[in-house]
Amino acid sequence: MSDLVTGTDLMTLAGRLYPICRSISGNGLRETLRILGGHAPLVLTEVPSGTQVYDWEVPLEWNIESARLTDPDGKVVVDFTDHNLHVVNYSEPVTGAYSLDELGPRLHTDARNPEWLPYKTSYYRRSWGFCLSQQTLQSLRKGTFGVDIKSRLEPGSLTFGEFVLPGASRREVLLFTHACHPSLANDNVSGLVVAAALAQWLSSRPRKYTWRLVFAPGTIGSLCWLRNNESHLHMVEHGLVIGLLGDSAPWTYKRSRRGCAPIDEIVPYVISAMNPQSRVIDFEPYGYDERQLCSPGFNLPVGRLTRSANDGYREYHSSADDLKLISADSLLQSLDALKAIAETVETNRRYINLSPKGEPRLGKRGLYGSMGGSSPARSELAMLWVLNQSDGEQSLLDIARRSGLDFEVIRTAANALANSKLLDERDDGSSSV
Ligand code: ZN
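Under my numbering, the residues of the sequence shown are numbered -4 to 428, in order.
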C-alpha cells in the first residue's frame, strides 16, 4: 500500500484532512487518525479524561456540533459551519442573549490582518468565544446578540495514534507530529500528511532501527505518550518532531536540548545539501512537542524539522494558513528530505580499519575504478578518507563532512572496503539489543 507518492497525492490527503475540526480530544481527532490509518495502519490509544499525566491532567473530551452568533436583526453573523476557526476551540456550551459590550472580551480578531480569523483555544480554562474578522466585528451594530454554541465537554478520552515499524534492532527512531489543530494547513495538516507518506515509504525498506511515528495532540498528547512509554525511552536513539512542512520557506532545523546528539549532525548535513538556504537554530524551551520530549526529565535526542518555524510566518495560527499556503512541491520536497535523513540515520556507521599500518593496496583487491556512479579518482579519494579516518570513533558522516565528499560517495566507498575485509563495523549496540 503506497498511495502517498506524488505531491498531488499529498495535497489530496491534505485537502481531506483540512476541513476537520480537530482538537486535543474528540471525534475530529479520531476521524483524522482514522483517515491517516487508511494510509499507514495506526494503533490508537485512548487516555481517559481525568488521568494524571505528570503535572497535567487529561481534560474532559470536547465535541461540537454548531456555533452561531446572531445579530439584533436575527441575521447569523458568525457561523462555525463556515469555518471551524470561528469558535474558540474547547468552547463550553452556551445559549443566551448578550449585548455587544458583554460579548466584547469573547470576540477575537486579528487586528493586523483585518480579513483573517485568528486561531484561539481554551483547553484548561472553561470558557467560550468566537473568532471573527476585524471587518465583521466593525460591521456589528449595538444591540442584543444571540449566542448558541452546541458543544459537549464530558468525560471521555484523548486519542493518539502510533505506527511502529520493527527493524533489525529494537533501538528506535521516534518521529512525532502534532494532530490537534483544526483547519490550519501548514501548522498541522502538512506534518500529518508527510509523516503518513514517510511511514509508507519506510515500511517498504529494510530497517536497522525500529521506527515509531506518533500522531498526537500537542503538549498533553506527547505527555500521555511519554507517560505510557517511560520504561523504554532509553531505546530512543534518534528523534525528530516534524510539522510545518508545506509552506515555501527553506527548512529550519532546531537542535535537540543536548545540542550534540547524532540527529543534530545528520539533519543539518542533509538539509543544507538539499537547500543551502536551510537554517539551523539552537534549542529553546518553546515550540512544539520538543518542549516535553526534551524536558530535563527525559532529555531525548530529539530535534525538530519544520520549514517556517512556529510563529515564523504571517499566516501562522490564522485562517490564512489554508490549503493555498501549502503546495505539492513543498510537501514532496519535505518528504524527500525526511527520506534522505532516514537513509542517513539508517546507514551512518563507524568502522575500524583492519589494515591501519600504512595504506592497504587497493589495486590488488580490485578496488580501483570499481565503484559506479562517481569518477574513479573520486571513489579512490573516498576510500582513502574512509581508511584513514576509520578508527572506530569517526562516523561516515564525520568523514563526509571532513572530506567535503558526499555522504553517499563515502558510504559506497565504505561498503566496498568492508566487502574487501578492510573495514569492520564497530558495534554500536544498535544491531543487537
Ligand atoms: Zn500551532
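Backbone N, C-alpha and C define an ideal beta-carbon position, used for all residues, glycine too.
Since the model is a prediction, treat every value here as computed from it, not as a measurement.
Determine the closest residue to residue i out of the options, with distance taken between C-alpha atoms.
{"i": "T214", "options": "I276, F171 and A256", "result": "F171"}
{"i": "D401", "options": "V71, T339, D105 and E285", "result": "T339"}
{"i": "Y114", "options": "E52, P88 and C175", "result": "C175"}
{"i": "P177", "options": "L24, R250 and C255", "result": "L24"}
{"i": "A335", "options": "L376, R200, L8 and R107", "result": "R200"}
{"i": "Q272", "options": "Q389, S415, T116 and R302", "result": "R302"}
{"i": "K137", "options": "R397, S267, W220 and D66", "result": "D66"}
{"i": "G234", "options": "D242, V209, R222 and M6", "result": "V209"}
{"i": "R222", "options": "D277, V38, W51 and N410", "result": "W51"}
{"i": "A163", "options": "Y204, V275, V48 and D277", "result": "Y204"}
{"i": "T247", "options": "W220, L300, G361 and R202", "result": "L300"}
So does residue i have its beta carbon nearer than 8 Å to some heavy atom of ligand 1?
{"i": "N79", "result": "no"}
{"i": "N305", "result": "yes"}
{"i": "G213", "result": "yes"}
{"i": "D182", "result": "yes"}
{"i": "L320", "result": "no"}
{"i": "L179", "result": "yes"}
{"i": "H312", "result": "yes"}
{"i": "H103", "result": "no"}
{"i": "H431", "result": "A query on residue 431 cannot be resolved here, the shown segment of the chain reaching from -4 to 428 and no further."}
{"i": "H34", "result": "no"}
{"i": "H176", "result": "yes"}
For the beta strand (DSSP E) that contains residue i, what are its first and last residues?
{"i": "W57", "result": "E56 to T65"}
{"i": "L153", "result": "S152 to L160"}
{"i": "D259", "result": "Per DSSP, D259 belongs to no beta strand (DSSP E); it is in the alpha helix (DSSP H), P257 to M269."}
{"i": "F75", "result": "That residue, F75, is in no beta strand (DSSP E); it is neither H nor E in DSSP."}
{"i": "T211", "result": "Reading the sequence as shown, one finds Ala at residue 211 and not Thr. Where A211 is concerned, the enclosing beta strand (DSSP E) stretches over T205 to A211."}
{"i": "E41", "result": "V38 to P43"}
{"i": "R356", "result": "Here R356 belongs to no beta strand (DSSP E), and DSSP marks it neither H nor E."}
{"i": "R286", "result": "No beta strand (DSSP E) contains R286, which is instead part of the alpha helix (DSSP H) from E285 to L288."}
{"i": "D419", "result": "L418 to E420"}
{"i": "G298", "result": "V297 to T301"}
Helix, strand or coil for residue i per DSSP?
{"i": "W51", "result": "strand"}
{"i": "W123", "result": "coil"}
{"i": "E87", "result": "coil"}
{"i": "I394", "result": "helix"}
{"i": "V0", "result": "coil"}
{"i": "T27", "result": "helix"}
{"i": "S199", "result": "coil"}
{"i": "L412", "result": "helix"}
{"i": "F402", "result": "helix"}
{"i": "L12", "result": "helix"}
{"i": "A92", "result": "strand"}
{"i": "Q272", "result": "coil"}
{"i": "H173", "result": "strand"}
{"i": "H233", "result": "strand"}
{"i": "R222", "result": "helix"}
{"i": "S185", "result": "helix"}
{"i": "T247", "result": "strand"}
{"i": "R360", "result": "helix"}
{"i": "N348", "result": "strand"}
{"i": "G33", "result": "coil"}
{"i": "S374", "result": "helix"}
{"i": "S217", "result": "helix"}
{"i": "T7", "result": "helix"}
{"i": "E110", "result": "coil"}
{"i": "E97", "result": "helix"}
{"i": "T407", "result": "helix"}
In the DSSP assignment, the alpha helix (DSSP H) including residue i goes from what residue to what residue?
{"i": "D324", "result": "A323 to T342"}
{"i": "T104", "result": "Where T104 is concerned, there is no enclosing alpha helix (DSSP H), given that its DSSP letter is neither H nor E."}
{"i": "L179", "result": "Neither: L179 is in no alpha helix (DSSP H) and is coded neither H nor E."}
{"i": "S134", "result": "Q129 to S134"}
{"i": "E149", "result": "From DSSP, E149 is part of no alpha helix (DSSP H) but of the beta strand (DSSP E) over T139 to E149."}
Are the stretch 32 to 41 and the stretch 92 to 112 in contact at 8 Å, needing three or more beta carbon pairs?
no
Taking contact to mean 3 or more Cβ pairs, one atom from each stretch, closer than 8 Å, check whether the stretch 103 to 111 and the stretch 139 to 158 are in contact.
no
Specify whether the stretch 246 to 264 and the stretch 189 to 206 touch according to this definition: at least 3 beta carbon pairs, one from each stretch, less than 8 Å apart.
no
Under 8 Å: do the stretch 10 to 19 and the stretch 177 to 189 share three or more Cβ pairs, one atom per stretch?
yes
Does the stretch 282 to 299 come within contact of the stretch 245 to 255, defined as at least 3 CB pairs closer than 8 Å?
yes
For the stretch 72 to 85 against the stretch 122 to 134, do three or more pairs of beta-carbon atoms, one drawn from each stretch, fall closer than 8 Å, so that the two count as touching?
yes
Across the stretch 309 to 319 and the stretch 261 to 280, are there enough close Cβ pairs to call them in contact, namely three or more that are closer than 8 Å?
no
Across the stretch 320 to 329 and the stretch 377 to 390, are there enough close Cβ pairs to call them in contact, namely three or more that are closer than 8 Å?
no
Below 8 Å, how does it come out for the stretch 404 to 414 and the stretch 343 to 363: are there three or more Cβ pairs, yes or no?
yes
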